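These notes concern the structure reproduced below.
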Amino acid sequence: MQPTKRFTGVIAVTVASLALTVGTAQATPSRGVTATIISKETSSTAEIVRAEITIQPGGSTGWHYHDGQVSGTVKEGTLSHFNSTCASDGTYHAGDRITEDSGPGYVHIGQNRGTTPVVLDVTYINPIGKPLSEDVPNPGCSFQ
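Just so we're aligned, residue 668 is where the sequence shown starts under our numbering, counting upward by one.
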């Protein structure tokens, strides 16, 4: 096993640049979302990325899934979270922890339906070479 390489930096990027967009016109990109990478650690098998994600009022992550494990804490605001059946699978307030399953079988969306920004402290444990999220088409829900 190779030694772990660690580097930190603050890079402001949009979530869209963190994601690999599926080659379809129906993909649902994020809107009103920015991410700041706080740290990134790489080993021979995984990347551990810590980011601060901000979703503006009315903003959305777009429909997506993750190839790796995702967990985080809501620092500010209220996050509304929905699965591919269009059902709410959680409403998360400041101080709440959130975890998301991985793989294309767990398509979901996060929205800010409030009037103040949602700020998340998120950790990704991701397979090397994979994007942090993969955009997918709306699964048939009346919202995006």
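Heads up, the beta-carbon is just placed ideally off N, CA and C, and yes, glycines get one too.
All values reported here derive from a predicted model rather than from experimental measurement.
S727 beta carbon less than 9 Å from that of G744: Taking 9 Å as the Cβ cut-off, G744 and S727 do not qualify as a contacting pair.
CA-CA distance, Y791 and T783? 25 Å
At the 9 Å Cβ level, is G770 part of the contact set with chain B, yes or no? You won't find chain B in this structure, because it holds only one protein chain.
Out of G807, S769, R764 and L799, state which residue places its alpha-carbon closest to the alpha-carbon of V786. R764
DSSP-derived helix/strand/coil call for I795: coil
Does the separation of the CB atoms of S769 and D802 fall below 9 Å? no
Sort H760, V737, T712 and P806 by Cα distance to G781 and report the nearest one. For G781, the nearest C-alpha among the options comes from H760.
Just verifying my parser: in three-state terms, what is the DSSP assignment at G754? Here residue 754 is Ala; the residue named in the question, Gly, does not match the sequence. Correct three-state label for A754: coil.
Quick check on V677: buried or exposed, where buried means 16 or more other Cβ atoms within 10 Å of its Cβ? With a pLDDT of 29 at V677, under the threshold of 50, the modelled position of that residue is not reliable, and the figure given next carries that caveat. V677 should be labelled exposed.
Rounded to a whole number of angstroms, what is the C-alpha to C-alpha distance between V689 and H731? Its pLDDT being 33, under 50, V689 is placed unreliably by the model, and the measurement read from it follows with that caveat. Roughly 10 Å separates the two Cα atoms.
Could you check how far apart the C-beta atoms of G729 and P696 are, in whole angstroms? I think they sit under 8 Å. 5 Å
Residues that DSSP places opposite D802 in a beta bridge: H731
So E714 packs on A702, CB below 8 Å; how close in whole Å? In fact, because the Cβ distance is near 15 Å, the residues do not count as touching under 8 Å.
Pairwise C-alpha distance: I722 and N879: Beyond the ends of the chain as shown, which are 668 and 811, falls residue 879; an answer cannot be given.
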